[in-house]
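One structure is given here, and the rest of the page talks about it.
Now the structure itself:
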(Lines of atoms letter the chains of each structure in order from A and count residues from 1; the text may use other names and numbers.)
(Lines give C-alpha, C1' and ligand atoms only; values in the text may rest on other atoms or scores of the structure.)
Protein backbone atom coordinates (compact mmCIF):
# COMPACT_ATOMS: atom_id res chain seq x y z
CA UNK A 1 0.00 0.00 0.00
CA UNK A 2 1.46 3.39 -0.96
CA UNK A 3 1.88 6.01 1.78
CA UNK A 4 -0.75 8.19 0.12
CA UNK A 5 -3.30 5.35 -0.04
CA UNK A 6 -2.44 4.33 3.51
CA UNK A 7 -2.95 7.89 4.71
CA UNK A 8 -6.28 8.05 2.88
CA UNK A 9 -7.43 4.89 4.67
CA UNK A 10 -6.16 6.33 7.98
CA UNK A 11 -8.10 9.54 7.40
CA UNK A 12 -11.26 7.57 6.65
CA UNK A 13 -10.65 5.46 9.72
CA UNK A 14 -10.14 8.49 11.93
CA UNK A 15 -13.47 9.89 10.83
CA UNK A 16 -15.36 6.62 10.95
CA UNK A 17 -13.98 5.26 14.18
CA UNK A 18 -15.33 8.16 16.18
CA UNK A 19 -18.84 7.11 15.24
CA UNK A 20 -18.57 3.66 16.84
CA UNK A 21 -19.32 2.80 20.48
CA UNK A 22 -16.22 2.20 22.56
CA UNK A 23 -17.45 1.32 26.01
CA UNK A 24 -14.87 -1.43 26.48
CA UNK A 25 -11.87 0.45 25.08
CA UNK A 26 -8.81 1.08 27.23
CA UNK A 27 -6.93 4.31 27.79
CA UNK A 28 -4.92 4.27 24.50
CA UNK A 29 -8.12 3.92 22.43
CA UNK A 30 -9.84 6.54 24.59
CA UNK A 31 -7.05 9.06 23.94
CA UNK A 32 -7.11 8.31 20.20
CA UNK A 33 -10.89 8.72 19.98
CA UNK A 34 -10.95 11.86 22.13
CA UNK A 35 -8.62 13.57 19.66
CA UNK A 36 -10.67 12.33 16.73
CA UNK A 37 -13.86 13.67 18.28
CA UNK A 38 -12.23 17.09 18.72
CA UNK A 39 -11.09 17.09 15.08
CA UNK A 40 -14.61 16.25 13.92
CA UNK A 41 -16.07 19.12 15.91
CA UNK A 42 -13.65 21.51 14.19
CA UNK A 43 -14.38 20.06 10.75
CA UNK A 44 -18.12 20.41 11.39
CA UNK A 45 -17.92 23.95 12.85
CA UNK A 46 -19.85 26.20 10.43
CA UNK A 47 -17.94 29.26 11.66
CA UNK A 48 -14.61 27.70 10.66
CA UNK A 49 -16.00 26.77 7.23
CA UNK A 50 -16.55 30.42 6.33
CA UNK A 51 -14.37 32.02 3.64
CA UNK A 52 -11.13 33.38 5.00
CA UNK A 53 -10.99 31.01 7.98
CA UNK A 54 -9.34 28.01 6.32
CA UNK A 55 -5.95 28.82 7.85
CA UNK A 56 -7.47 29.05 11.33
CA UNK A 57 -9.28 25.75 10.76
CA UNK A 58 -6.08 24.10 9.53
CA UNK A 59 -4.13 25.31 12.57
CA UNK A 60 -6.82 23.98 14.91
CA UNK A 61 -6.69 20.57 13.21
CA UNK A 62 -2.89 20.59 13.40
CA UNK A 63 -3.02 21.21 17.17
CA UNK A 64 -5.31 18.21 17.57
CA UNK A 65 -3.16 16.07 15.28
CA UNK A 66 -0.22 16.95 17.54
CA UNK A 67 -2.19 15.37 20.40
CA UNK A 68 -3.12 12.26 18.39
CA UNK A 69 0.19 11.67 16.62
CA UNK A 70 3.74 11.84 17.94
CA UNK A 71 5.33 13.54 14.91
CA UNK A 72 8.81 13.45 16.44
CA UNK A 73 8.59 9.67 16.90
CA UNK A 74 7.04 9.19 13.43
CA UNK A 75 9.87 11.27 11.93
CA UNK A 76 12.58 9.47 13.90
CA UNK A 77 11.30 6.03 12.93
CA UNK A 78 10.69 7.06 9.31
CA UNK A 79 14.28 8.26 8.92
CA UNK A 80 15.55 5.13 10.67
CA UNK A 81 19.34 4.95 10.83
CA UNK A 82 19.65 8.37 9.19
CA UNK A 83 18.07 10.07 12.23
CA UNK A 84 21.21 9.69 14.35
CA UNK A 85 23.29 11.44 11.67
CA UNK A 86 21.11 14.56 11.79
CA UNK A 87 21.89 17.64 13.84
CA UNK A 88 19.23 18.89 16.29
CA UNK A 89 18.35 21.66 13.81
CA UNK A 90 17.98 19.15 10.96
CA UNK A 91 15.79 16.95 13.14
CA UNK A 92 13.53 19.88 14.02
CA UNK A 93 13.31 20.86 10.36
CA UNK A 94 12.46 17.32 9.30
CA UNK A 95 9.77 16.95 11.98
CA UNK A 96 8.21 20.18 10.70
CA UNK A 97 8.32 19.43 6.95
CA UNK A 98 7.30 15.79 7.31
CA UNK A 99 4.54 16.75 9.76
CA UNK A 100 3.32 19.37 7.28
CA UNK A 101 3.25 16.74 4.52
CA UNK A 102 1.28 14.32 6.68
CA UNK A 103 -1.08 17.09 7.78
CA UNK A 104 -1.79 18.27 4.24
CA UNK A 105 -2.31 14.72 3.04
CA UNK A 106 -4.60 14.02 5.98
CA UNK A 107 -6.65 17.19 5.43
CA UNK A 108 -6.95 16.45 1.72
CA UNK A 109 -7.99 12.85 2.26
CA UNK A 110 -10.35 13.23 5.20
CA UNK A 111 -12.93 14.64 2.82
CA UNK A 112 -12.92 11.35 0.89
CA UNK A 113 -14.65 9.54 3.76
CA UNK A 114 -17.56 7.62 2.27
CA UNK A 115 -19.38 5.96 5.15
CA UNK A 116 -16.95 3.14 5.90
CA UNK A 117 -17.86 1.22 9.05
CA UNK A 118 -15.25 0.54 11.69
CA UNK A 119 -15.18 -1.98 14.49
CA UNK A 120 -12.87 -1.56 17.45
CA UNK A 121 -11.24 -4.94 18.02
CA UNK A 122 -9.46 -3.89 21.19
CA UNK A 123 -6.25 -2.47 22.52
CA UNK A 124 -3.23 -4.10 24.10
CA UNK A 125 -0.87 -2.34 26.49
CA UNK A 126 2.69 -3.54 27.02
CA UNK A 127 4.54 -1.18 29.35
CA UNK A 128 4.79 2.22 27.67
CA UNK A 129 3.53 1.02 24.27
CA UNK A 130 0.10 -0.03 23.04
CA UNK A 131 -1.68 -1.23 19.94
CA UNK A 132 -5.25 -0.21 19.13
CA UNK A 133 -6.74 -2.73 16.70
CA UNK A 134 -9.61 -1.86 14.38
CA UNK A 135 -11.32 -3.25 11.31
CA UNK A 136 -12.75 -1.15 8.48
CA UNK A 137 -15.65 -2.60 6.51
CA UNK A 138 -15.96 -0.92 3.11
CA UNK A 139 -19.18 -0.31 1.22
CA UNK A 140 -18.39 -3.40 -0.87
CA UNK A 141 -18.06 -5.54 2.27
CA UNK A 142 -14.27 -5.87 2.18
CA UNK A 143 -12.54 -5.85 5.55
CA UNK A 144 -9.28 -4.00 6.23
CA UNK A 145 -7.40 -4.52 9.48
CA UNK A 146 -5.83 -1.33 10.83
CA UNK A 147 -3.67 -0.96 13.92
CA UNK A 148 -2.53 2.21 15.63
CA UNK A 149 0.77 1.75 17.42
CA UNK A 150 1.03 4.14 20.33
CA UNK A 151 3.46 5.28 23.00
CA UNK A 152 2.72 6.75 26.41
CA UNK A 153 4.12 10.27 26.70
CA UNK A 154 3.55 11.41 30.26
CA UNK A 155 -0.15 10.93 30.89
CA UNK A 156 -1.12 10.71 27.18
CA UNK A 157 -1.02 8.00 24.54
CA UNK A 158 0.04 9.16 21.07
CA UNK A 159 0.23 7.24 17.78
CA UNK A 160 3.61 6.74 16.13
CA UNK A 161 2.56 4.34 13.37
CA UNK A 162 -0.50 3.10 11.51
CA UNK A 163 -0.41 -0.46 10.14
CA UNK A 164 -2.76 -1.50 7.31
CA UNK A 165 -3.18 -5.23 6.72
CA UNK A 166 0.27 -5.78 8.19
CA UNK A 167 1.94 -2.94 6.25
CA UNK A 168 3.42 -0.18 8.40
CA UNK A 169 3.08 3.41 7.21
CA UNK A 170 6.35 4.27 8.98
CA UNK A 171 8.21 1.28 7.48
CA UNK A 172 6.93 2.24 4.04
CA UNK A 173 8.23 5.80 4.42
CA UNK A 174 11.51 4.56 5.95
CA UNK A 175 12.14 2.38 2.90
CA UNK A 176 11.41 5.26 0.50
CA UNK A 177 13.45 7.79 2.49
CA UNK A 178 16.42 5.42 2.72
CA UNK A 179 16.42 4.90 -1.06
CA UNK A 180 16.33 8.64 -1.70
CA UNK A 181 19.16 9.35 0.75
CA UNK A 182 21.27 6.49 -0.64
CA UNK A 183 20.77 7.64 -4.24
CA UNK A 184 21.11 11.36 -3.61
CA UNK A 185 21.37 13.00 -0.17
CA UNK A 186 19.46 13.88 2.97
CA UNK A 187 19.12 17.46 1.67
CA UNK A 188 17.47 16.12 -1.51
CA UNK A 189 15.01 14.14 0.62
CA UNK A 190 14.00 17.27 2.54
CA UNK A 191 13.63 19.12 -0.76
CA UNK A 192 11.37 16.39 -2.16
CA UNK A 193 9.25 16.27 1.01
CA UNK A 194 8.83 20.07 0.82
CA UNK A 195 7.86 19.86 -2.87
CA UNK A 196 5.13 17.30 -2.12
CA UNK A 197 3.42 19.89 0.05
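Residue numbers (the numbering used here): 51 to 247. Backbone N, C-alpha and C fix where the C-beta goes; we use that ideal spot for every residue, glycine too.
Per DSSP, reduced to three states, the secondary structure at residue 235 is coil, with no helix or strand assignment. Bridge pairing for residue 241: absent [DSSP].
Contact between residue 149 and residue 224 does not hold, since the beta-carbon distance rounds to 16 Å and is not under 8 Å.
In the three-state DSSP reduction, residue 87 falls in the helix class (H, G or I).
Here residue 79 has 72, 170, 173 and 182 as same chain residues with Cβ atoms under 7 Å from its own Cβ, once five neighbours each way along the sequence are excluded. With respect to residue 140, residue 210 sits apart: the two C-beta atoms are not nearer than 8 Å.
Rounded to the nearest angstrom, the gap between the Cα atoms of residue 205 and residue 98 is 30 Å. Residue burial annotation: residue 192 is exposed, with fewer than 16 other C-beta atoms found within 10 angstroms of its C-beta. Going by C-alpha positions, residue 118 is about 25 Å away from residue 132. Within the same chain, 199, 200, 201 and 202 come within 8 Å of residue 179 by CB-CB distance, once the 5 residues on both sides are set aside.
In the structure shown, residue 192 adopts coil according to DSSP, grouped into three states.
Check the Cα spacing between residue 84 and each of 109, 115 and 120: the tightest is with 115.
The beta carbon of residue 106 sits closer than 8 Å to those of 98, all from its chain and outside the five residues before and after it, given in chain order. Residue 212 and residue 221 have their C-alpha atoms roughly 10 Å apart. One thing to note: residue 240 has its Cβ within 8 Å of the Cβ of residue 144. Per DSSP, residue 208 lies in no alpha helix (DSSP H); the unbroken beta strand (DSSP E) holding it starts and ends at 206-214. The criterion of a C-beta distance shorter than 8 Å is satisfied by residue 92 and residue 111. Secondary structure of residue 172 (DSSP, three-state): strand.
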